[in-house]
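Just below is one structure, and these are the notes that go with it.
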Amino acid sequence: GKTYTMGGDFTGRQQNSAKGIYALAAQDVFTYLNHRRYANLDLSAYVSFFEIYNGKVFDLLNKKAKLRVLEDDRQQVQVVGLEEVYVSSAEEVIKMIRLGSACRHHGQTSANANSSRSHAILQIVLRRNDRATTLLGKFSLVDLAG
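Position one of the sequence shown corresponds to residue 1 (full-length UniProt numbering), numbered consecutively onward.
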């Protein structure tokens, strides 16, 4: 279903994350970042991964730390305290996906013995190296519960 499409192949609680949309997107990001056409932009990539479970938000890359969601002065939604991990390859993104996926809330449904019970959001963030606080791009890939 949805989790298979986003995250890849599952065998019990093990996951081959290299085949899901998360990994395919990461591979595309690094294909472009490593292309000479974009080398002069001097970009770095970061990953965050969090879940929404029972109306609460948890950081899947930081020991399931509980997070707060607020709106800033520009009316942009911010996840306060969300860990961003520097990644230098698609393989490192896949490692973060595996780490975070192992922390997700799971449960049994009539259709699936190991169904995800939370919404999971993987974000890939691009920043300029000369201005680490300057966001150049961010996209979110969402795996819905169920």
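We treat Cβ as the ideally placed atom computed from N, Cα and C, and that holds for glycine. These figures come from a predicted structure and were not determined experimentally.
Item                                                                                                                                                                              : Value
State the DSSP-derived secondary structure class of Gln75, mapped to helix, strand or coil.                                                                                       : coil
The alpha helix (DSSP H) spanning Asp59 covers which residue range?                                                                                                               : Looking at the DSSP string, Asp59 is not in any alpha helix (DSSP H); the run it does join, the beta strand (DSSP E), is Lys56 to Asp59.
Can you list, in chain order, the residues of its chain with a C-beta nearer than 8 angstroms to that of Phe139? Leave out the 5 residues immediately preceding and following it. : Ala25, Gln123 and Ile124
Give the DSSP-derived three-state secondary structure of Thr134 in the structure shown.                                                                                           : strand
List the endpoints of the continuous alpha helix (DSSP H) containing Ser101.                                                                                                      : Ala90 to Ser101
Thinking C-alpha only, which one of Asp73, Val57 and Arg74 is nearest Lys66?                                                                                                      : Val57
Using 8 angstroms for Cβ pairs, my map puts Glu51 next to Leu60. What's the rounded Cβ distance?                                                                                  : 6 angstroms
Quick one: Cα of Val80 to Cα of Asp72, how far?                                                                                                                                   : 10 angstroms
With DSSP run on the structure shown, which of helix, strand or coil describes Lys66?                                                                                             : strand
What separation, rounded to the nearest whole angstrom, lies between the Cα atoms of Gly1 and Ala145?                                                                             : 10 angstroms
Just to confirm my understanding: we take Val68, look at its own chain, exclude 5 residues before and 5 after, and list those with CB closer than 6 angstroms. What are they?     : Residue identity check: residue 68 is Arg in the sequence provided, not Val. Closer than 6 angstroms at the Cβ level, and outside the excluded window around Arg68, lie Val80.
With a threshold of 7 angstroms on Cβ separation, who are the neighbours of Gly137 within its own chain once the five nearest residues in sequence on each side are excluded?     : Leu126
Please tell me whether Ser118 and Tyr22 are closer than 7 angstroms, where the distance is taken between their beta carbons.                                                      : no
Short of 8 angstroms in beta carbon distance, which residues of its chain neighbour Ala90, apart from the five on each side in sequence? Order them along the chain.              : Ala23, Ala26, Gln27, Val29 and Phe30
Does the distance from the C-beta atom of Ala39 to that of Val87 stay below 7 angstroms?                                                                                          : no
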